[in-house]
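> Just passing along the structure, written as structure tokens.
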Amino acid sequence: MTTLKNQLEQRINDYDLWATRRRYGAEGHNDASLWVLACMDERLPIDEALGIRVDTPVGGGDAHCFRNAGGIVTDDAIRSAMLTCHFFGTKEIVIVQHTQCGMLSANANDLESVLKERGVDTDNLTLDPTLPELKLNKGSFAKWIGMMDDVDVTCMKTIETFRNHPLIPKDIIISGWVWEVETRRLRAPTLDPEKRLRTDVVSSAFGVTNKQPDRWK
137 MTTLKNQLEQ
147 RINDYDLWAT
157 RRRYGAEGHN
167 DASLWVLACM
177 DERLPIDEAL
187 GIRVDTPVGG
197 GDAHCFRNAG
207 GIVTDDAIRS
217 AMLTCHFFGT
227 KEIVIVQHTQ
237 CGMLSANAND
247 LESVLKERGV
257 DTDNLTLDPT
267 LPELKLNKGS
277 FAKWIGMMDD
287 VDVTCMKTIE
297 TFRNHPLIPK
307 DIIISGWVWE
317 VETRRLRAPT
327 LDPEKRLRTD
337 VVSSAFGVTN
347 KQPDRWK
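In terms of my numbering, the sequence shown opens at residue 137 and continues consecutively.
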């Protein structure tokens, strides 16, 4: 017979282990040994999309979750993925991008022009004051912003970049998915127009007529 006393003792022990798991390196991995890269958009519910629990403590804690604008490759995304894969026991990376993304809504060159009009010298920036060595080449700012022409293409390119990056172990399982905001459905990235019906996945749907700076050369 399991008593309430036994249950409470087990819950306390479980919480103590959850709270201190980073002390144990790869043996203190999150519940699913998983790292998730996702867009920061508030309409992308990670737990619902992936069927996991990220933000709750005991009984949750399934993944390390990294969000940025677009859920794309950035130097800090690579830094976080490197740490979780090499030192925190992660065995799988899942990338989640989504339809109706704000990164489709403007051309990056136009965004850079707005900043220049506000007095920002985009060719002479200190991106991180604690790491002044981190610099952009002249003329690279618009590319650095990372706007998209097509969500599905960007998702595919993001998967490919992580698979080929020297800081990501070759045995890590990597997949990418698109969350349809309109239908609350998760699907694999695709170029099949039939599978992209009723969703906005390209920048032209937002009235953007010029191609974005090519980030994926």
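Just so you know, even glycine gets a beta-carbon here, dropped at the ideal spot from N, CA and C.
Whose C-beta lies closer than 6 Å to the C-beta of residue 102 among residues of the same chain, with five residues either side of it excluded?
Nothing about residue 102 can be reported from this structure: the residues present for the chain run from 137 to 353 only.
> In angstroms with no decimal places, state the Cα-to-Cα distance between residue 159 and residue 221.
The sequence position of residue 159 within the sequence shown is 23, counting from 1. The sequence position of residue 221 within the sequence shown is 85, counting from 1. C-alpha separation (whole angstroms): 16 Å.
> In the DSSP assignment, find the unbroken alpha helix (DSSP H) run with residue 291 in it and report its ends.
Taking the sequence shown and counting its residues from 1, the one referred to as residue 291 is at position 155. Element bounds for residue 291: 287 to 300.
> Anyone know if the C-beta pair for residue 266 and residue 207 falls short of 9 Å?
As a working note, residue 266 is residue 130 in the sequence shown. As a working note, residue 207 is residue 71 in the sequence shown. The Cβ atoms of residue 266 and residue 207 lie no closer than 9 Å to each other.
> Flag residue 204 as yes if its beta-carbon sits less than 9 Å from any beta-carbon of chain C, otherwise no.
Within the model displayed, chain C is absent; a lone protein chain is all it includes.
> Pick helix, strand or coil for residue 340, following the three-state DSSP scheme.
As a first step, residue 340 must be located in the sequence shown, where it is residue number 204. Of the three classes helix, strand and coil, the one that applies to residue 340 here is helix, per DSSP.
> Compare the Cα-Cα distances from residue 213 to each of 147, 191 and 297 and report the closest residue.
Here residue 213 is taken as the residue at index 77 of the sequence shown, counted from 1. Ranking 147, 191 and 297 by Cα distance to residue 213 puts 297 first.
> Confirm, please, whether the CB-CB distance from residue 174 to residue 203 is below 9 Å.
Taking the first residue of the sequence shown as 1, we reach residue 203 at position 67. Taking the first residue of the sequence shown as 1, we reach residue 174 at position 38. Yes, these two residues count as a Cβ contact at 9 Å.
> Quick one: residues in its chain with C-beta nearer than 7 Å to the C-beta of residue 351, no 5 flanking neighbours on either side, listed in chain order?
Within the sequence shown, residue 351 is the residue found at index 215, counting from 1. So the list reads 279 and 282, once near-sequence residues are dropped.
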